[in-house]
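Taking it in order: structure first as structure tokens, then the write-up.
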Amino acid sequence: MDIRKRMDELINLINKYNEAYYQKNESLISDYDFDQLLNELQKLEDENPLFVLSDSPTKKVGGTITKQFKSVNHRFPMLSLGNTYNENDLKEFDSRIKKVLGDEKYEYICELKFDGVALSFWYENGKLIKGVTRGDGTRGDDITNNVKTIKSIPHYIADTSLPFEFELRGEGFMPNHIFEQINQDRILSGEPLLANPRNSASGTFKMQDSSVVAQRNLDCFIYAYLGFDNPFQTHEESLLKLTELGFPISPTWEKCTNIESVLAYIEKWAFVRNDLPLNTDGIVIKINDFGQQERLGFTAKSPRWAISFKYPSEIAKTEILSISYQVGRTGNITPVANLNPVYLAGTMIKRASIHNANEMNRLDLHEGDTVLVEKGGEIIPKITGVDMSLRKPEKTKFAFPTNCPDCQSELVRVEGEANHYCMNDSKCPTQIKGKIEHFIQRKALNIENLGVETIDLLFEKSLIKDASDLYSLTSLDFIGLEGFQSKSIQNILNSVEQSKTIPFRKVLFGLGIRHVGATIAEKLVIEFKSIRNIMSASYEELIAVPEIGDRIALSIISYFSKTENLEFIERLHSSSVQLSEEISELEQESTSLEGKSFVISGVFQNFDRDGLKDKIVLNGGKVVSSISAKLDYLIAGDNMGPSKLEKANQLSIKIINEEEFINLLNKYAN
Ligand code: IVH
């Protein structure tokens, strides 16, 4: 084999997986397989030092930095940990420690390895001043405003025994029940599902609007204290003190005096860890004494005084019986494998998701294949491979359907998206029923007393063709339908009537425009106030709204370009459904900034940019993007652009900082 070629191949693969993981939050490969590739490359590099590239992935910690947030240098690099997968690897780690420490006694602290997002918290004078992501290990993103939404992290500690400046490291995560709730909501709003809690946490921490982040109830476990001036002798001491000060330290850690008790810890948590509110993918073993840690030191990528042990992810083998294709409310087609039932991680698995056609092709699934089903970080098990030795040669490959399994119309693959869609959204029965169910749900028009079965029945009997027909139902329509008493009919009609008072933001969500969930609907209403304004908004006006990007804007434009949707809205209008809402009803705070215009520049301590914009608008002011002689104020944050400053000075515009802005608000408010 050509060694150099193989090394190039490995580097390309590893870089590709790293990029997907760090930039797009996508895991294209299991941690185990990734480590196998990295180990193979490391081995080839050790044996062939002449071929080693200076930017080889074996020399790097992780990915690169996303551009949206201000990036900051870490004061201490955020390193990764070496991985082990078995007892032998662990014993070797222990021998390496013994070799360096000689006759000295040493202890380990064992902790669970939390599967979330590495975060760094900077404290100064007892105050939390920064929250930073790991980024590439050397520079990370400043996500202070988002980190401050974690309720368990103190923003201030009154204790004077800690140094003026110190740093904590921890794992930010999305509790599993929050993740499941978000996906439930996404099913209802027809948005693509989040893959797993880790990706969801990572995506949420990078959101621009911290008020949305706050709604997601992210949490964190702190696992390290760092500082130039360290008041602790041991990691244990630091954990105890931080616990006493109210920091979120998971009580699952234990002190172990030898490698045997480390192995016992691993065994103890192998199953119980599944009962925790977050995913854990292994354990971390750390030398307890800080002096010994210092002597053991670091390699280029990771400490020599710590290592992680990864639990094998649970895998089952079973036969694939068939593939069903589900039609979503927005016409998206999802392949789902029906399996010969098999036990996996404590539950009986009958179905597994395959996500989309790309994934089906990657797996090269054939009828009757024996597949590997894995329950990793994801809640829904997925098919990760095929046992080729059991493939029956006479069986054929599964083909993704060309037509909708319900209405038979031809499926379309949207440019740039992995999903296939049934575009027959006004006639495909599954889509129509899904849209009506979406319309009546609690978060939308909240039409109680009307369940999925009733919708099905009314639809089958042609009493409703879409949700607007609900408003013309009368008690006569129910005559001859089984299971309806006059009381239940009246209840249905009453809640339909009641839904005419539901505020527009919920109606907008209820329309079921692809990618427009409840939060986006609210943002649209704050900005545009009525359906007429949204309909006539241009692409530029739409993407100027916080949180609305290209994908959502195009989806909104496409929705309103269809005659049947416009007619549907017209019918809702004539039934007196709310199609406008004044911002004052939403959350107008005051009129203290009325008539004043502002330009915002730079980065702020108390607000993110969207938060500051909202504050101005909610108090009657106007935010504009460029400086002109008519401008009233330039609010200057850290690192603002010099050209803006110069122009404002030239035109003698009043330049105020964040504090002065807050004073301004209060002054006019009084
Ligand atoms: S200590 C020098 N302790 O694992 C690195 N890390 O590969 C010291 N992690 O992304 C890390 N739980 O965020 C440590 N109890 C724990 C951990 C933990 C999860 C993550 C960490 C980092 C990765 C290290």
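One gets this note's numbering by counting positions in the sequence shown from 1 and adding 868 to each.
Backbone N, C-alpha and C define an ideal beta-carbon position, used for all residues, glycine too.
Model, not experiment: these values are computed from the prediction.
Measure the alpha-carbon distance for A1184 versus Y900 and round it to whole angstroms.
-> 16 Å
Reduced DSSP secondary structure (H/G/I, E/B, other) of H942 = coil
Expressed to the nearest angstrom, what Euclidean distance is found between the alpha-carbon atoms of P1297 and D1274?
-> 7 Å
Beta carbon of V1080 nearer than 8 Å to that of T1369 = no
Would you grab the beta carbon distance between L1212 and P1171 for me? Rounded to a whole angstrom, and I think it's under 8 Å.
-> Not really, about 35 Å apart at Cβ, beyond 8 Å.
Are L1062 and S1070 closer than 8 Å when you measure CB to CB?
-> no
Considering only heavy atoms of the ligand IVH, list every residue whose Cβ is less than 5 Å from one of them, following chain order.
-> L947, S948, L949, E979, K981, F982, A986, E1039, Y1091, V1152, P1171
Backbone secondary structure at V1140 - three-state DSSP = helix
Taking DSSP as the reference, what is the three-state secondary structure of E1453?
-> Only weak support is given to the placement of E1453: the predicted model assigns it a pLDDT of 41, under 50, and the value that follows is read from those uncertain coordinates. In this structure, E1453 counts as helix in the three-state DSSP scheme.
Please determine if the segment 1346 to 1359 and the segment 1426 to 1440 are in contact, where contact requires at least 3 C-beta pairs separated by less than 8 Å.
-> no
Pairing CB atoms from the segment 1384 to 1400 with CB atoms from the segment 1410 to 1422, are three or more of them under 8 Å?
-> yes
Assign A1267 to one of two classes, buried (16 or more other C-beta atoms within 10 Å of its C-beta) or exposed (fewer than that).
-> exposed
Taking all protein chains shown into account, do 16 or more other C-beta atoms lie within 10 angstroms of the C-beta of N1474, making it buried, or fewer, making it exposed?
-> exposed
Unbroken beta strand (DSSP E) runs of length 3 or more, entirely within the segment 950 to 1006: which are they?
-> 976 to 982, 985 to 992, 995 to 1001
Use the C-beta contact count for V1364: other C-beta atoms within 10 angstroms, 16 or more gives buried, fewer gives exposed.
-> buried
If I'm right that H1306 touches G1378 with Cβ under 8 Å, what's the distance once you round it to whole angstroms?
-> 7 Å
Starting from E1104 and walking both ways along the alpha helix (DSSP H), at which residues does that stretch end?
-> 1103 to 1112
Under the three-state DSSP convention, the category V1239 falls into = strand
How about C978 and F1041: do their beta carbons lie closer than 8 Å?
-> no
Assigned exposure category for P1022 - 16 Cβ within 10 Å defines buried | buried
Considering only C-alpha positions, which residue in the set L1341, Y1289, K1374 is nearest to Q1446?
-> K1374
DSSP three-state call for G1008: helix, strand or coil?
-> strand
Would DSSP call E1039 helix, strand or coil?
-> strand
Could you tell me whether the segment 1136 to 1153 touches the segment 1101 to 1116, using the rule of 3 or more Cβ pairs below 8 Å?
-> no
Span of the alpha helix (DSSP H) holding I1425?
-> 1418 to 1428
What three-state label does DSSP hand Y1193 in the structure shown?
-> strand
Whole runs of the alpha helix (DSSP H) within the segment 1293 to 1348, excluding any shorter than 4 residues = 1297 to 1308, 1320 to 1328
When the Cα atoms are used, what is the spatial distance from N1531 to I1524?
-> 10 Å
If we count the other Cβ atoms within 10 Å of its Cβ and call it buried at 16 or more, is P1261 buried or exposed?
-> exposed
Between the CA atoms of L1207 and N941 - distance to the nearest angstrom | 49 Å
Would you report the Cα separation of L1326 and R1419, rounded to the nearest angstrom?
-> 34 Å
Could you tell me which of I1050, K959, G999 sits nearest to F1073, measuring between CA atoms?
-> G999
Cβ distance (whole Å) where G1038 is taken to contact Y1091 below 8 Å | 6 Å
Check whether the Cβ atoms of R1439 and S1336 lie closer than 8 Å to each other.
-> yes
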